Amino acid sequence: MAGQSVEGGLRFAVLGPVRAWREGQELDLGTPLQRSILGMLLLREGRAVTPAEMIDAVWGEDAPPRALGALRTYVSRLRTVLEPDRPARSRPELLTSIGRGYALRLPNDALDLTRFERGIAEAESARKSGRLSAAAEGMRAALTLFEGEPLAGAVGPYAEHQRDRLAERRVSVIETLMDLDLELGDHAAVVSELIALTAEHPLRERLRAQLMLAYYRCGRQGDALNVFTETREALIDELGIEPGSELTTLHQRILAADPALALTPPPSAAEQAADEHEAEEPPALELPRPAQLPAAVNDFTGRKEVAVRVHTLLSSQSSAEGVPVVALCGIGGVGKTTLAVHVAHTADDLFPDGQLYADLRGHSDEVTAPESALGGFLRALGVPPDVIPDGLAERSALYRSLLSDRRILVLLDNARDADQVSPLLPGSPGCATIVTSRAKLADLPAARLIDLDVMEPDEALSLFSTVAGPERVAAEHGAAMDVVAACGFLPLAVRIVAARLAARPSWTVASLVPRLADEQRRLDELRVGNLAVEATFALGYGQLEPAQARAFRLLSLPKGPDISIGAAAAVLAMTMYEAEELLESLVDMSLLEATAPGRYRFHDLLRLFARRVLDKTERPEDKSLALRRLLGFYLASSRSAHQLAYEGSMIPDNLAVVGSGLTFTSVDEAVAWLISEGDSLFAAINQAATASPTGEQLLPAADMLVAMEPLLEAGTHTREFDQGTRAVLAAALSLDDEASELRSRYVLGRVLFASNRLSESETHFRRVYELSDARHEKIVTGEVLNALAVVVGRQRRHTEALALFDAASRYYRENGVPAGEALVLSYSARDHLGLGHADDAIAAAEKGLAIFTEIGSGAGTARARYHLGIVLSRVGRLTEAVHHHAECLAFFRSSKQRVWEQRVCSRLAETFIAAGRYPDAVRHAEQALVVSREIGHPYGEALSLTVLGRALRGLGSTGRSLDCLRQAYDVFTRLGAPEAGDLKLLLDGFAVERSVVES
0 MAGQSVEGGL RFAVLGPVRA WREGQELDLG TPLQRSILGM LLLREGRAVT
50 PAEMIDAVWG EDAPPRALGA LRTYVSRLRT VLEPDRPARS RPELLTSIGR
100 GYALRLPNDA LDLTRFERGI AEAESARKSG RLSAAAEGMR AALTLFEGEP
150 LAGAVGPYAE HQRDRLAERR VSVIETLMDL DLELGDHAAV VSELIALTAE
200 HPLRERLRAQ LMLAYYRCGR QGDALNVFTE TREALIDELG IEPGSELTTL
250 HQRILAADPA LALTPPPSAA EQAADEHEAE EPPALELPRP AQLPAAVNDF
300 TGRKEVAVRV HTLLSSQSSA EGVPVVALCG IGGVGKTTLA VHVAHTADDL
350 FPDGQLYADL RGHSDEVTAP ESALGGFLRA LGVPPDVIPD GLAERSALYR
400 SLLSDRRILV LLDNARDADQ VSPLLPGSPG CATIVTSRAK LADLPAARLI
450 DLDVMEPDEA LSLFSTVAGP ERVAAEHGAA MDVVAACGFL PLAVRIVAAR
500 LAARPSWTVA SLVPRLADEQ RRLDELRVGN LAVEATFALG YGQLEPAQAR
550 AFRLLSLPKG PDISIGAAAA VLAMTMYEAE ELLESLVDMS LLEATAPGRY
600 RFHDLLRLFA RRVLDKTERP EDKSLALRRL LGFYLASSRS AHQLAYEGSM
650 IPDNLAVVGS GLTFTSVDEA VAWLISEGDS LFAAINQAAT ASPTGEQLLP
700 AADMLVAMEP LLEAGTHTRE FDQGTRAVLA AALSLDDEAS ELRSRYVLGR
750 VLFASNRLSE SETHFRRVYE LSDARHEKIV TGEVLNALAV VVGRQRRHTE
800 ALALFDAASR YYRENGVPAG EALVLSYSAR DHLGLGHADD AIAAAEKGLA
850 IFTEIGSGAG TARARYHLGI VLSRVGRLTE AVHHHAECLA FFRSSKQRVW
900 EQRVCSRLAE TFIAAGRYPD AVRHAEQALV VSREIGHPYG EALSLTVLGR
950 ALRGLGSTGR SLDCLRQAYD VFTRLGAPEA GDLKLLLDGF AVERSVVES
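Going by numbering that gives the first Met the number 0, the sequence shown opens with residue 0, and the numbers climb by one from there.
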């Protein structure tokens, strides 16, 4: 097979169906569209392809509205197929993102087209040197790589065009091969082949001429003349033209029996060898051995794994695999040059003919031109200045000629882009190149990219210790770790701080910590002598286009740990597609990190630099607008999530949404987005709370807290909810902003209730109701009445709770909100039960479930089943209770609502205890306990421990049972929960039983 002509690794084929193999096993490349995208990437030979180019290539004018999304899906699937073992969230090494597009980085010889073209080039070289037989053999071997129609199975305008090009290329090579065969005297053998070819391509005059000549040399002059006649008739019939001059002249020469048409035998091998010996060989040129590497750093520390990897790449590639090129990319100050020089010195024995070095100054105002670097290399290789050619192509060709058959390492430092580097790469096996650049040179052909990250903490500490002095650092290990962490583990920053400490014997390591803790001063502290982190960053920033520079500045404004494409688009006031292009270009320049598909972040020190530039450049009102756009996006997206999670709720319609956000197709997707985006959401809320000078600017943050209610029930961000609501509430009180106060108090009441701080929760809820009533705000009026009723009921004030439930029910009924009325009915069932009214409890719970089912609310139905299950369990209808709880448990687990998951598991355990199914009860109680501890829910933990203790007692595990119950009692007591009294009676009863047994 063409795709398997070279064993091992990845192999691809386009000279036939688009196919791929790994270690000889063919890969499933998916749909024709997916194969078409792969085919285009393969034919671009490592060069970047933008999404717009891909869409035009694959769909043309028939591109669907969501073509970009489909394209990204296909690219993601191809990455999975090509790198199945790649760890999640790690960067792809083959199908990479480059700026605004994608590129496929192939190993040498991985593509059949590459091997075909190399074979043809070698055959042409053999032909030019007179080795006709070798040339013919090479061309015939190369042509065997074609396995039918090129790009078979691929679709779209690009595939059609390339299919025609490759088919034309094949026929052109065949025509050259036929010429070779005729020169070699194989005219009799090629007649049958030419007959088939002319039948397949009846209008190609060159093939017709070759068939005429083959017939003539076989003594078949009449057949040769008939070919001309047939060709002439075909051309006139099909195209309305006469044959060209080549065919016409050949026809006339055959008619005249021109003796020059007879075969002139090619020189024999012996004659060729004799001619070569007669030629005078030029004298060998003695070339100097260059040794241009900068001095190695004598305190080089860490980077062991990557140093070994680079050394291996330089040394392990055989001549068949071409010239090794290793590109070290990364943020300024990450240690690219230091590592490159270190490895180059350690690899000295691999390159006995020397080392060349050039600082390409790619990120300065005076970039080194390739012509200038080549001039320096040629002089170092012994070429007199007066004979060095002027043009770039001529200098590059001479440079490669001089490196031929030599083993030289070339180090190209601080490259700007692939165009600057390409003319400086050696062309002959035996040499190797290391390139360093802040840009990701993914479009540099055949280069192995290594994206150099900051140091590991222990490596950074080791570097700090080496420079500052091991004794001083060992004596203050904890402070030293704080220092290197404040440096973001960036080698340049660590070295600067360590050098400052080494130069000041009176300083302690601990004295550096407060200096670096101040974000406003940190960059100022990171300078010593001519070294400065800020100056290093400024070089990269100075190379940005205006749009890139604006994005770099504004993206430092949000204080979240990272940012999504959608959020970035809001900050920058552009489409998501435009934002992605800008962000990817910043990633390519190592000014931004892509932490996962669609998510980006700054290195800590780069963020500080960007904010400093932001404060100097952007007007305060522009920064404020950017933050408001971000809050608008987050609020609109959170509202969409709330609408799905709580169908029929009044809250979404009463949020002050300005702008657009994401939409979701399911509750699962909505809650998953809230969880993944949670840290960034709370960072935006806290930023607004601390920076908002007016209530109008604070309100979106308060609305976000309410809209994010599904995240509260997921249980993953309880602490953040507590801090965020208190921050917004404090800001609202200072601004006398009752609208924001109302919203933040409502959410804070929910947070306190989840922690069983019932008295505080009740106080906040009552204040919320007062504000809602006074301001005639409907956003949470029904919800807060229901919440108040639940809090009161939890304190076993059941009559008061039912009165509040009635008020909430009337409110929802008057406002036409059946989902709210159903929610009230479901919650009120437990208070009916608390008063001993079992029939009323069942009726309320069943009516709530019926309403939710009728309106099609999945979340509401699950909550109604939960409450109905509790009531049914209490009245002894255990099988029905288990059914309802199992149904709602499946919903809560799929939608990641872990607070509810813990509650249902506890209730299932209670029902199984009542049924005497103690092993099932233990299993569900333990699940509830695990969830409550994972989400930090102490009240849920105490409930789980209680039911687990009861289940274990049923199994006869008295010791474990008592241990669980005592732990539960301690937690309930700490929370001030009424359940503590119940547990004390239970524990006292166990103690009496135990004393009776022992006596």
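Even for Gly, the Cβ is constructed at its ideal location relative to N, Cα and C. Values in this document were obtained by computation on a predicted structure and should not be read as measured data.
### Query
What residues are listed by DSSP as bridge partners for proline 16?
One-based indexing of the sequence shown puts residue 16 at position 17. Beta bridge pairing from DSSP links proline 16 with Ala151.
### Task
Quick one: residues in its chain with C-beta nearer than 8 Å to the C-beta of valine 1008, no 5 flanking neighbours on either side, listed in chain order?
In this structure the chain extends from 0 to 998, so residue 1008 is not present and cannot be described.
#### Entry: Three-state secondary structure (DSSP) of alanine 278
Position 279 of the sequence shown, counted from the first residue, corresponds to residue 278. With a pLDDT of 40 at alanine 278, under the threshold of 50, the modelled position of this residue cannot be trusted, and the question is left open.
### Task
Measure the CB-CB distance between glycine 939 and glutamine 901 and report whether it falls below 8 Å.
In the sequence shown, the residue the question calls residue 939 occupies position 940. In the sequence shown, the residue the question calls residue 901 occupies position 902. A contact, by the Cβ cut-off of 8 Å.
### Message
Please classify lysine 303 as buried or exposed, where buried requires at least 16 other C-beta atoms within 10 Å of its C-beta.
### Response
Reading the sequence shown from its first residue, position 304 is the one you call residue 303. Classification of lysine 303: exposed, given that the 10 Å Cβ count is below 16.
### Task
Could you tell me if alanine 485 is buried or exposed, where buried requires 16 or more neighbouring beta carbons within 10 angstroms of its beta carbon?
Along the sequence shown, read from residue 1 onward, the residue named residue 485 stands at position 486. Buried is the call here.
### Task
Can you have a look at threonine 724 and say buried or exposed, based on whether 16 or more other CB atoms are within 10 angstroms of its CB?
Here residue 724 refers to the residue found at position 725 of the sequence shown. It counts as buried.
### Message
Short of 6 Å in beta carbon distance, which residues of its chain neighbour glycine 919, apart from the five on each side in sequence? Order them along the chain.
### Response
In the sequence shown, residue 919 corresponds to position 920, counting from 1. Looking at the sequence itself, residue 919 is aspartate, so the reference to glycine does not match. Within the same chain, aspartate 919 has close Cβ partners Phe911.
### 4-residue-minimum alpha helix (DSSP H) runs that sit fully inside the region 759-827, ordered along the chain
Contiguous alpha helix (DSSP H) elements confined to the region 759-827 occur at 780-793 and 797-813, taking only those with 4 or more residues.
#### Entry: Terminal residues of the beta strand (DSSP E) in which arginine 90 lies
Locating residue 90 in the sequence shown gives position 91, counting from the first residue. Neither: arginine 90 is in no beta strand (DSSP E) and is coded neither H nor E.
### Message
As an exercise, report each continuous alpha helix (DSSP H) stretch of at least 4 residues that is fully enclosed by the region 516-563, in chain order.
### Response
521-524, 532-540 and 545-553
### Task
Just tell me which of Trp899, Glu879 and Thr878 has its CA closest to the CA of leucine 888.
As a position in the sequence shown, residue 888 is number 889, starting the count at 1. Here the closest residue by C-alpha is Trp899.
### Query
Nearest to glutamate 25 by CA position, among Glu583, Ser35, Gly8 and Glu853, is which residue?
As a working mapping, residue 25 is identified with position 26 in the sequence shown. Nearest Cα to glutamate 25 within the set Glu583, Ser35, Gly8 and Glu853: Gly8.
### Query
According to DSSP, is arginine 949 helix, strand or coil?
The sequence position of residue 949 within the sequence shown is 950, counting from 1. In the structure shown, arginine 949 sits in a helix (DSSP, three-state: H, G or I).
### Task
Would you tell me roughly how many angstroms separate the C-alpha atoms of leucine 179 and alanine 122, rounded to the nearest one?
Here residue 179 refers to the residue found at position 180 of the sequence shown. Here residue 122 refers to the residue found at position 123 of the sequence shown. Cα to Cα, the separation comes out at about 11 Å.
### Query
Considering glutamine 354, what are the terminal residues of the beta strand (DSSP E) in which it resides?
Looking up residue 354 in the sequence shown gives position 355. Start and end: 354-358.
### Query
Is isoleucine 407 buried or exposed, if buried means 16 or more other CB atoms sit within 10 Å of its CB?
Here residue 407 refers to the residue found at position 408 of the sequence shown. Classification for isoleucine 407: buried.
### Query
Beta carbon of serine 563, beta carbon of arginine 618: below 8 Å?
Stepping through the sequence shown from its first residue, residue 563 is reached at position 564. Stepping through the sequence shown from its first residue, residue 618 is reached at position 619. No; because the gap between Cβ atoms is not below 8 Å, this pair is not in contact.
### Query
Excluding five sequence neighbours on each side, which residues of the same chain lie with their C-beta closer than 7 Å to the C-beta of leucine 585?
In the sequence shown, counting from the first residue as 1, residue 585 sits at position 586. Once the five neighbours on either side are set aside, the close Cβ partners of leucine 585 are Gln547, Ala550, Phe551 and Leu591.
### Query
Which residues mark the beginning and the end of the alpha helix (DSSP H) in which isoleucine 934 is found?
Reading the sequence shown from its first residue, position 935 is the one you call residue 934. Boundaries cannot be given for isoleucine 934, as no alpha helix (DSSP H) includes it and DSSP labels it neither H nor E.
### Task
Give me the Cα-Cα distance between arginine 216 and arginine 252, rounded to the nearest whole angstrom.
Here residue 216 corresponds to residue number 217 of the sequence shown, with the count starting at 1. Here residue 252 corresponds to residue number 253 of the sequence shown, with the count starting at 1. Rounded to whole angstroms, arginine 216 to arginine 252 spans 13 Å at the Cα level.
### Query
By a C-beta neighbour count over all protein chains shown, 10 Å radius and 16 as the cutoff for buried, is asparagine 297 buried or exposed?
In the sequence shown, the residue the question calls residue 297 occupies position 298. Classification for asparagine 297: exposed.
### Query
Residue ranges of each alpha helix (DSSP H) run of no fewer than 4 residues wholly in the region 345-420, ordered along the chain?
369-379, 391-402 and 417-420
#### Entry: Three-way DSSP call (helix, strand, coil) for cysteine 328 in this model
For the purposes of this step, residue 328 is identified with residue 329 of the sequence shown, where counting begins at 1. In the structure shown, cysteine 328 sits in a strand (DSSP, three-state: E or B).
### Query
Rounded to the nearest angstrom, how far is the Cβ of leucine 313 from that of alanine 346, given a contact under 8 Å?
Mapped onto the sequence shown, residue 313 falls at position 314. Mapped onto the sequence shown, residue 346 falls at position 347. Yes, leucine 313 and alanine 346 are in contact; Cβ-Cβ is about 5 Å, under 8 Å.
### Query
Are the beta-carbon atoms belonging to glutamate 712 and serine 856 less than 8 Å from one another?
Locating residue 712 in the sequence shown gives position 713, where the first residue counts as 1. Locating residue 856 in the sequence shown gives position 857, where the first residue counts as 1. Cβ distance not < 8 Å, so glutamate 712 and serine 856 don't count as in contact.
### Message
At a cut-off of 7 Å, would you count alanine 700 as near the ligand FMN, judging by its Cβ distance to the nearest heavy atom?
### Response
You won't find the ligand FMN in this model; it holds no ligand whatsoever.
#### Entry: Beta-ladder partner(s) of isoleucine 433, from DSSP
As a first step, residue 433 must be located in the sequence shown, where it is residue number 434. In the DSSP output, where bridge partners are listed per residue, isoleucine 433 has Val325 and Leu410.
### Query
Around the C-beta of tyrosine 576, are 16 or more other C-beta atoms found within 10 angstroms, so that it is buried, or is it exposed?
Here residue 576 refers to the residue found at position 577 when the sequence shown is read from its first residue. Exposed is the call here.
#### Entry: Alpha carbon of leucine 284 to alpha carbon of aspartate 404, nearest angstrom
Counted from its first residue, the sequence shown places residue 284 at position 285. Counted from its first residue, the sequence shown places residue 404 at position 405. Reliability fails at leucine 284, whose pLDDT of 47 lies under 50, so the model's placement of it is uncertain and the value that follows must be treated cautiously. Using only the alpha carbons, I get a separation of about 13 Å.
### Query
Span of the alpha helix (DSSP H) holding glycine 723?
In the sequence shown, counting from the first residue as 1, residue 723 sits at position 724. Taken as a continuous stretch (DSSP letters only), the alpha helix (DSSP H) holding glycine 723 covers 717-734.
### Distance, valine 190 Cα to leucine 359 Cα
Numbered from its first residue, the sequence shown carries residue 359 at position 360. Numbered from its first residue, the sequence shown carries residue 190 at position 191. Using only the alpha carbons, I get a separation of about 58 Å.
### Message
Could you pull the DSSP bridge partners for threonine 95 from this structure?
### Response
Within the sequence shown, numbered from 1, the residue matching residue 95 stands at position 96. Bridge partners of threonine 95: Ala102.
### Query
Between Lys439, Glu580, Pro242 and Leu224, which lies nearest to alanine 256 when the distance is taken from Cα to Cα?
Locating residue 256 in the sequence shown gives position 257, counting from the first residue. A check of alpha carbon separations from alanine 256 across Lys439, Glu580, Pro242 and Leu224 identifies Leu224 as the nearest.
#### Entry: Element boundaries [alpha helix (DSSP H), containing glutamate 174]
As a working note, residue 174 is residue 175 in the sequence shown. For glutamate 174, the enclosing alpha helix (DSSP H) stretches over residues 156-182.
### Query
By Cβ distance, which residues of its chain are closer than 6 Å to aspartate 274, with the 5 residues on each side in sequence left out?
As a working mapping, residue 274 is identified with position 275 in the sequence shown. Here the model assigns aspartate 274 a pLDDT of 47, short of 50, so the residue's position is not dependable, and the following value carries that caveat. Excluding sequence neighbours, aspartate 274 sits near nothing in its chain.
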